[in-house]
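J.:
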Amino acid sequence: MFPAYKGIVVLIFALVFAAVLEAEGLRKQAQIQPAGFQRTLALDVTRPLVSFSRALHLTTPRHELQVAIGRGGEDRIDTQVHLTLPPPAGPLPRRKPRRHRHRVAAAKQVFTAAHPLRLWVAGDSLAQVPGDALERVGGAVDVVRIESRLSTGLARTDLYNWFTRIEQAPAQLHPNVAVFSFGADDAHDYMGGAHVGPFGSPSWIAEYTRRADGVTRELNADGIYVVWLGLPIPDGPGFKKSFPVMNRILEHVAAEHPKTSTYVDTWHLLDDFHGRYTAYLRVHGKLTLMRLPDGVHYTEAAGDLIAAQVLKQLSAVYTLR
Amino acid sequence: MLFPTVTFAVFFAIVLPVSWTLMRTPRAWRVFIIVASYVFYGWWDWHFVFLLAASTVVNHVLAVAIYRAGEVRTRKALLALAVAFDLGLLAYFKYTNFFLSSADNVFGTSWLTNVTLPVGVSFYTFMAISYVVDTYRGGLAPTSFGRFAVFQAFFPHLVAGPIVRASELLPQLETPRDPRRVDTSRAFFLIVSGLFLKVVIANHLSTHIVDNVFAAPDSHSSLEVLIAVYGYAVQIFADFCGYTNIAIGVALLLGFEFPQNFASPYTAVSLQDFWRRWHMTLSRWLRDYLYIPLGGNRKGRILTYRNLMLTMVLGGLWHGAAWTFVAWGTIHGIGLAIERAIGWRPVTRAQQWFGRVLTFHVVCFAWIFFRADTFSRAGQVIERLFTGWGQSSPLVTTSVVLAIVVGIVTQYIRPTAITSLLTGFQRLPVLAQAACVAVALVVINTLGPTGVAPFIYFRF
Numbered sequence: 004m005f006p007a008y009k010g011i012v013v014l015i016f017a018l019v020f021a022a023v024l025e026a027e028g029l030r031k032q033a034q035i036q037p038a039g040f041q042r043t044l045a046l047d048v049t050r051p052l053v054s055f056s057r058a059l060h061l062t063t064p065r066h067e068l069q070v071a072i073g074r075g076g077e078d079r080i081d082t083q084v085h086l087t088l089p090p091p092a093g094p095l096p097r098r099k100p101r102r103h104r105h106r107v108a109a110a111k112q113v114f115t116a117a118h119p120l121r122l123w124v125a126g127d128s129l130a131q132v133p134g135d136a137l138e139r140v141g142g143a144v145d146v147v148r149i150e151s152r153l154s155t156g157l158a159r160t161d162l163y164n165w166f167t168r169i170e171q172a173p174a175q176l177h178p179n180v181a182v183f184s185f186g187a188d189d190a191h192d193y194m195g196g197a198h199v200g201p202f203g204s205p206s207w208i209a210e211y212t213r214r215a216d217g218v219t220r221e222l223n224a225d226g227i228y229v230v231w232l233g234l235p236i237p238d239g240p241g242f243k244k245s246f247p248v249m250n251r252i253l254e255h256v257a258a259e260h261p262k263t264s265t266y267v268d269t270w271h272l273l274d275d276f277h278g279r280y281t282a283y284l285r286v287h288g289k290l291t292l293m294r295l296p297d298g299v300h301y302t303e304a305a306g307d308l309i310a311a312q313v314l315k316q317l318s319a320v321y322t323l324r
Numbered sequence: 016m017l018f019p020t021v022t023f024a025v026f027f028a029i030v031l032p033v034s035w036t037l038m039r040t041p042r043a044w045r046v047f048i049i050v051a052s053y054v055f056y057g058w059w060d061w062h063f064v065f066l067l068a069a070s071t072v073v074n075h076v077l078a079v080a081i082y083r084a085g086e087v088r089t090r091k092a093l094l095a096l097a098v099a100f101d102l103g104l105l106a107y108f109k110y111t112n113f114f115l116s117s118a119d120n121v122f123g124t125s126w127l128t129n130v131t132l133p134v135g136v137s138f139y140t141f142m143a144i145s146y147v148v149d150t151y152r153g154g155l156a157p158t159s160f161g162r163f164a165v166f167q168a169f170f171p172h173l174v175a176g177p178i179v180r181a182s183e184l185l186p187q188l189e190t191p192r193d194p195r196r197v198d199t200s201r202a203f204f205l206i207v208s209g210l211f212l213k214v215v216i217a218n219h220l221s222t223h224i225v226d227n228v229f230a231a232p233d234s235h236s237s238l239e240v241l242i243a244v245y246g247y248a249v250q251i252f253a254d255f256c257g258y259t260n261i262a263i264g265v266a267l268l269l270g271f272e273f274p275q276n277f278a279s280p281y282t283a284v285s286l287q288d289f290w291r292r293w294h295m296t297l298s299r300w301l302r303d304y305l306y307i308p309l310g311g312n313r314k315g316r317i318l319t320y321r322n323l324m325l326t327m328v329l330g331g332l333w334h335g336a337a338w339t340f341v342a343w344g345t346i347h348g349i350g351l352a353i354e355r356a357i358g359w360r361p362v363t364r365a366q367q368w369f370g371r372v373l374t375f376h377v378v379c380f381a382w383i384f385f386r387a388d389t390f391s392r393a394g395q396v397i398e399r400l401f402t403g404w405g406q407s408s409p410l411v412t413t414s415v416v417l418a419i420v421v422g423i424v425t426q427y428i429r430p431t432a433i434t435s436l437l438t439g440f441q442r443l444p445v446l447a448q449a450a451c452v453a454v455a456l457v458v459i460n461t462l463g464p465t466g467v468a469p470f471i472y473f474r475f
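Here the protein sequences come in this chain order: H and F. Residue numbers for the first sequence follow my numbering, so the first one is 4 and each next one is one higher. Residue numbers for the second sequence follow my numbering, so the first one is 16 and each next one is one higher.
#1: From this set, F242(H), G226(H), L273(H) and I252(H), which residue's C-alpha is nearest T325(H)'s C-alpha?
#2: Going by DSSP, what residues sit across from H198(H) in a beta bridge?
#3: Taking all protein chains shown into account, do 16 or more other C-beta atoms lie within 10 angstroms of the C-beta of I236(H), making it buried, or fewer, making it exposed?
#4: Do the region 413-426 of chain F and the region 216-232 of chain F meet, that is, are 3 or more Cβ pairs less than 8 Å apart?
#5: Checking contacts by CB at 8 Å: is R65(H) closer than that to chain F?
#6: Can you check whether the CB of F20(H) is closer than 8 Å to the CB of A455(F)?
#7: Give me the residue from R42(F), V377(F), D254(F) and S408(F) with the minimum Cα distance to F18(F).
#8: Expressed to the nearest angstrom, what Euclidean distance is found between the alpha-carbon atoms of G331(F) and Q175(H)?
#9: Since G126(H) sits in a beta bridge, which residues does DSSP pair it with?
#10: Where do the N-terminal and C-terminal ends of the beta strand (DSSP E) with Q41(H) fall, by residue?
#11: Comparing C-alpha positions only, which one of W290(F), L31(F) and T22(F) sits nearest to N264(F)?
#12: From the DSSP output, in three-state form, read off Y306(F) for me.
#13: What is the DSSP secondary structure of V229(H), reduced to helix, strand or coil?
#14: Excluding the five sequence neighbours on either side, which residues of its own chain have a C-beta within less than 7 Å of the C-beta of G239(H), listed in chain order?
#15: Are any of the Cβ atoms in chain H nearer than 8 Å to that of D303(F)?
#16: Any C-beta of chain F within less than 9 Å: which residues of the region 17-43 of chain H qualify?
#17: In or out: F204(F) buried (at least 16 other Cβ within 10 Å) or exposed?
#18: Return no unless some Cβ of chain H is closer than 8 Å to the Cβ of S279(F).
#19: Where do the N-terminal and C-terminal ends of the alpha helix (DSSP H) with F18(F) fall, by residue?
#20: Should D47(H) be labelled buried (16 or more other beta-carbon atoms within 10 Å of its own) or exposed?
#21: Can you find a C-beta in chain H that's less than 8 Å from the C-beta of F26(F)?
#22: Whole angstroms is fine: what's the gap from L446(F)'s alpha carbon to R321(F)'s?
#23: Should I144(F) and V98(F) be called a contact, given that it needs their Cβ atoms to be closer than 8 Å?
#24: Less than 8 Å between the C-beta atoms of H235(F) and V244(F), yes or no?
#25: Using a cut-off of 9 Å between C-beta atoms, extract the partners of R195(F) located in chain H.
#26: Which two residues bound the contiguous beta strand (DSSP E) that contains V286(H)?
#27: Can you check which of these residues, T111(F), S298(F) and L436(F), is closest to T131(F) by C-alpha distance?
#28: Does the beta-carbon of D60(F) have 16 or more other beta-carbons within 10 angstroms, so that it is buried, or is it exposed?
#29: Any idea which residues DSSP pairs F5(H) with across the strands?
#30: For a contact meaning CB atoms closer than 7 Å, what does Q69(H) contact in chain F?
#31: Could you name the residues of the region 224-240 of chain F whose beta carbon sits closer than 7 Å to any beta carbon of chain H, in the order they occur along the chain?
#32: Suppose only complete runs of 4+ residues qualify. What are the alpha helix (DSSP H) ranges in the region 429-461 of chain F, listed by chain order?
#33: By alpha-carbon positions, which one of L308(H), L295(H) and G288(H) ends up nearest to D268(H)?
#34: What are the partner residues of T322(H), as DSSP defines its beta bridges?
#35: Is it the case that the region 422-431 of chain F contacts the region 276-288 of chain F, given that we only count it when at least three CB pairs across the two stretches are under 8 Å?
#36: Which residues, in chain order, does the region 279-292 of chain H contribute to contact with chain F at a C-beta distance below 9 Å?
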């Protein structure tokens, strides 16, 4: 038994010591917060903390431990948008109007259980459940990896740099198809530290379109087909404004590459007869819960519905046996 | 507010010194701790602060009315009103959609509505019920409104327990805590061990094997499914025990003693023993406010089995509105009934080890239903345990196996070993103690996965 003040002293000093040892991690936490007073304050506090900690080499023990467990680069902040292909000159090329001529359909690639179609599912927290559902399909579909990183996207490279990951993944995973769910957490006024105008403004939309289009072209160049999952109709006003903006961009990007990418409209897949939000949908005559209480995330049943739609759209490109 | 976050660290670094400063003026302390607890609770969704406040007001008013009422009939009616209010609250927020969707699928109605579950409602409602029932039984005189508000909203236990009895916490609120005698060593040990269990063990198992396997069991080998089932048993223990350890440690630093909630549950030699060691504050709540009022084991064999089954099934439903939870409770109820029927009392060392292994596997089998979202998914997991041997098992890694082994082996550590560790810690100078805690915090944070996963028991 000790006097209470000793407990307070131990607690305060422990937190201060831990902050000094953890300075690099705290600095990253501060960097990746949404813009505002809290972020500014956190940056102001962690800046001298990092300098002090580095001067005394107190960041070393944590870094050594991170290296030992194979996570040496965790505190690094990489805001580069790695798109190696040059952007098309001028505005994005418009789709040519289809000519109504008799064409011989190109033979579709055939995939079987022995030679499955390799899917890489990636994105924010909304990627996990459809990824799991695609994994359950089995047979001619092989989900090589599901990478669902909470609160990340194509806007905030400082939080997690998907462009770096997208650059590495083809060589590591050899997917035939990349299924992406991005945008739910991208409604920020700045991207990876760069201000590109307020969310939804023409300059913001142009930059986000450049990024999504760049990702599509990079992957297409590696022979990978891209599936963009749209954002579902949300409950409450919070996301009702941002999700349609993101959906328009993703749909537009997919439409620009009709042979090598597709857009899956989850908004209308999960709304009710009146076009409104509903937590339940009738599946095989049975009312089934589709959405989690937050009004955004999917249940497994919704994941199955989305996976079925993804496969339906993929079957226009591939033969799955 | 989640315990393993910088936000909570800052919050507690402010609350702890202010709480001890105000301790000598109880009224000011109560106001401060209520405000702090409501801030802690409102951090998720401030709307539900009003629900907590309403529950406090209604239960206090009815408890006082029960205490003052002279006639037995009036007291009974008031008790029924209080319990109906509390269960009504639970029923509305927790079970509305469950019952309506079940009714819809049977009768073809369309009464569905979207109800959001407030965090911790099951915990603080059970505490309120125990308060009014104890008042009705005459074991408790209602306290002042301020003390009751602290009792119900005290932030260390507010969102996921332990379910503290009024008779345990209210006497501690009657007199200011002694600032000369605080068990700081045990408090820091509990906080650090709780963080280790949650951030390192539970989060690692969840993200590296359990979630993947339970999402698509057919895509994984039998070995992966088996390790995932063991992994979930360790994950849920580490997650929930981790939370309550932190809660008990935080309360200790504030000068309050909470009851123990876990006592090495996977060393249990029988299911009866398991329930004496797992979520102990819920077990005794169910025993005292459900099993015994139903008649307990005093009304013959058949009724004892009925009471056991009812208690376990309702205990299952308390965890969530799904038939899979009912199945989980039923498995435990059947197991307890069988143990009682055959008079299972392991005495010899061999019997005890047999009992430990068997109990652990029955508990793991029941966890399959607890974790799976549907019966068909639970069925797939069980089927896959037998049909996918010989396939590659990339999810069964050294770190996963190590996390499971650590999660189980630590339950066999003798209390004397922990006592000597605490004695050694106590002998250190204050700055050395702080350095030890700091190093532990940094190691835990570095070993844990990125981001903070919510605690499993938050949704109950």
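For every residue, glycine included, the Cβ atom is placed at its ideal position computed from N, Cα and C. This structure is a prediction, so every number in the text was calculated from the model and none was measured.
T.: The relevant details are as follows:
#1: Residue 325(H) is absent from the model: chain H starts at 4 and stops at 324.
#2: In the DSSP output, where bridge partners are listed per residue, H198(H) has Y193(H).
#3: Buried, by the Cβ-count rule.
#4: A contact exists between the region 413-426 of chain F and the region 216-232 of chain F.
#5: Closer than 8 Å to some Cβ of chain F, the Cβ of R65(H) qualifies, so yes.
#6: No.
#7: In terms of CA proximity to F18(F), D254(F) leads the group R42(F), V377(F), D254(F) and S408(F).
#8: Their backbone Cα atoms lie some 44 Å apart in a straight line.
#9: S151(H) and S184(H), per the DSSP bridge assignment.
#10: It is not in any beta strand (DSSP E) - Q41(H) instead sits in the alpha helix (DSSP H) that spans F40 to A58.
#11: For clarity, residue 264(F) is Gly in the given sequence; the question names Asn instead. Nearest of W290(F), L31(F) and T22(F) to G264(F), Cα basis: L31(F).
#12: In the structure shown, Y306(F) sits in a helix (DSSP, three-state: H, G or I).
#13: Three-state result, V229(H): strand.
#14: If we look at G239(H) and ignore the five residues flanking it on each side, its Cβ neighbours are G298.
#15: No, because no Cβ of chain H sits closer than 8 Å to the Cβ of D303(F).
#16: Here the close residues are A17, L18, V19, F20, A21, A22, V23, L24, E25, G28, L29 and Q32.
#17: Label assigned to F204(F): buried.
#18: It does not: the Cβ of S279(F) has no partner Cβ on chain H nearer than 8 Å.
#19: No alpha helix (DSSP H) contains F18(F), which DSSP labels as neither H nor E.
#20: Burial state of D47(H) is exposed, judged by a 10 Å Cβ sphere holding fewer than 16 other Cβ atoms.
#21: Chain H, which has no Cβ nearer than 8 Å to the Cβ of F26(F), makes this no.
#22: A straight line joining the alpha-carbon of L446(F) with that of R321(F) spans about 57 Å.
#23: Yes, Cβ-Cβ distance for I144(F) and V98(F) is below 8 Å.
#24: Annotated as distal: H235(F) and V244(F), with beta-carbon spacing of 8 Å or more.
#25: Neighbours of R195(F) in chain H, taken as residues whose beta carbon is under 9 Å from its own, are M4, F5, P6 and A7 in chain order.
#26: Unbroken beta strand (DSSP E) run through V286(H): Y283 to V286.
#27: Closest by alpha carbon: T111(F).
#28: Residue environment: D60(F) is assigned as exposed (fewer than 16 neighbouring CB atoms within 10 Å of its CB, all protein chains considered).
#29: F5(H) is bridged by DSSP to V197(F).
#30: Neighbourhood of Q69(H) in chain F, by CB distance below 7 Å: T461, in chain order.
#31: Across the region 224-240 of chain F, CB contacts with chain H closer than 7 Å involve A230, A231, D233 and S234, in sequence order along the chain.
#32: 430-442, all fully within the region 429-461 of chain F.
#33: Here the closest residue by C-alpha is L308(H).
#34: According to DSSP, which records beta bridges pairwise, T322(H) is partnered with V113(H).
#35: Touching, yes.
#36: Result list: Y280, T281, A282, Y283, G288, K289, L290, T291 and L292.
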